[in-house]
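In full-length UniProt numbering, the protein residues as written are 1 to 247.
First comes the structure, then the notes that go with it.
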Amino acid sequence: MARFEDQALTARFGTPLAADDRKANPFHTSHVIQMLLSAGIDNLNGIRHLIWGRPPESSDRPVLHQATHFVLARAAIEDFATALWILGPSSRPVRVERTLRWHVQNIQDRSRAIEVLGVTQHSGEDRLKRLEEIAERSLGAVPPKFRGRGFTATEVVKYADATNPEGGNQELSTEFLWRLCSGFTHGRFWSSLLFLEQEHLATDDPDVISVRMTSDLTRALWPTKEAMHLLERLLKLHNQRNTPHFP
Numbered sequence: 001m002a003r004f005e006d007q008a009l010t011a012r013f014g015t016p017l018a019a020d021d022r023k024a025n026p027f028h029t030s031h032v033i034q035m036l037l038s039a040g041i042d043n044l045n046g047i048r049h050l051i052w053g054r055p056p057e058s059s060d061r062p063v064l065h066q067a068t069h070f071v072l073a074r075a076a077i078e079d080f081a082t083a084l085w086i087l088g089p090s091s092r093p094v095r096v097e098r099t100l101r102w103h104v105q106n107i108q109d110r111s112r113a114i115e116v117l118g119v120t121q122h123s124g125e126d127r128l129k130r131l132e133e134i135a136e137r138s139l140g141a142v143p144p145k146f147r148g149r150g151f152t153a154t155e156v157v158k159y160a161d162a163t164n165p166e167g168g169n170q171e172l173s174t175e176f177l178w179r180l181c182s183g184f185t186h187g188r189f190w191s192s193l194l195f196l197e198q199e200h201l202a203t204d205d206p207d208v209i210s211v212r213m214t215s216d217l218t219r220a221l222w223p224t225k226e227a228m229h230l231l232e233r234l235l236k237l238h239n240q241r242n243t244p245h246f247p
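Right under this line is the structure:
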């Protein structure tokens, strides 16, 4: 949080990140990364306050909800994975295209939201055309299905796993933990039955079971730890992209 608030993430002159910004101007790559970092860090900070309380009134006794911390961890994983997906490729055209695709998704989401309010005069068509102009100028052509592609959360979490410098396995993958958190977010049975401690209770009907589900700090912080790993990877990568003359 201190590093982010100190504006150390601003694109520096003569760096690959600054060059990416020029290619995508005015839809700067650096601004997208800052937005995603801000959102992800805010989610992690929310987990800290949720479990231990807000400093300086923090408690030594954690408070664990059944699912809320998983919801926040899921959002943080998506934020950091998306930033890695944009910033990670060594090819500038790919980074620029993904920046523009992020903005396509942003415009589409906005349009769908305001349509619910009955607002139709701000469809985002002018901004989509502007993105296409920038794509043609910077990439040589508008990528196929540019407006329709945007990006998906599945795409970015799979990318995070595929580019993990420490490798990994399916049981401990970013994708697994993200899907586990998604199960809790949407109130699915499978995530609770798979991940939480179960205490089977007697009932009057032998064909009906009653189960008390409980969590613990290790379970609660497992997806959060994965989000922290992604954040560390992202900050390291950002430092490389924001260093003059780095390839």
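Every residue gets a Cβ at the ideal spot worked out from N, C-alpha and C, and that includes glycine.
Determine whether the beta carbon atoms of residue i and residue j lie at a separation below 8 Å.
i	j	result
Q105	F151	yes
T174	E232	no
H238	L44	no
A81	L230	yes
R12	N242	yes
T214	L194	no
F184	A67	yes
I47	T224	yes
I134	A24	yes
Relative to the alpha-carbon of residue i, which residue among the options has its alpha-carbon at the smallest distance?
i	options	result
D20	S138, G183, L237, G167	S138
L217	P55, F70, F176, V119	F70
E155	W85, E199, L128, F184	W85
T163	E199, G187, D204, A83	A83
Provide the residue span of the beta strand (DSSP E) that contains residue i, from first to last.
i	result
residue 251	There is no way to answer for residue 251, as the model of the chain reaches only from 1 to 247.
S210	210-214
Between which two residues does the alpha helix (DSSP H) carrying residue i extend?
i	result
S91	No alpha helix (DSSP H) holds S91; DSSP gives it neither H nor E.
H69	68-87
R149	146-149
N239	217-241
S59	Here S59 belongs to no alpha helix (DSSP H), and DSSP marks it neither H nor E.
Compute the beta-carbon to beta-carbon distance between residue i and residue j, rounded to the nearest angstrom, for a pair I have assumed lies under 8 Å.
i	j	result
R101	R149	6 Å
S210	L221	The pair is not a contact, with the Cβ atoms about 28 Å apart (cut-off 8 Å).
- Message: Pairs of beta-carbons, one from the segment 74-90 and one from the segment 31-45, closer than 8 Å: are there three or more?
- Response: yes
- Message: Check whether the segment 141-148 and the segment 14-33 are in contact - that is, three or more C-beta pairs closer than 8 Å.
- Response: no
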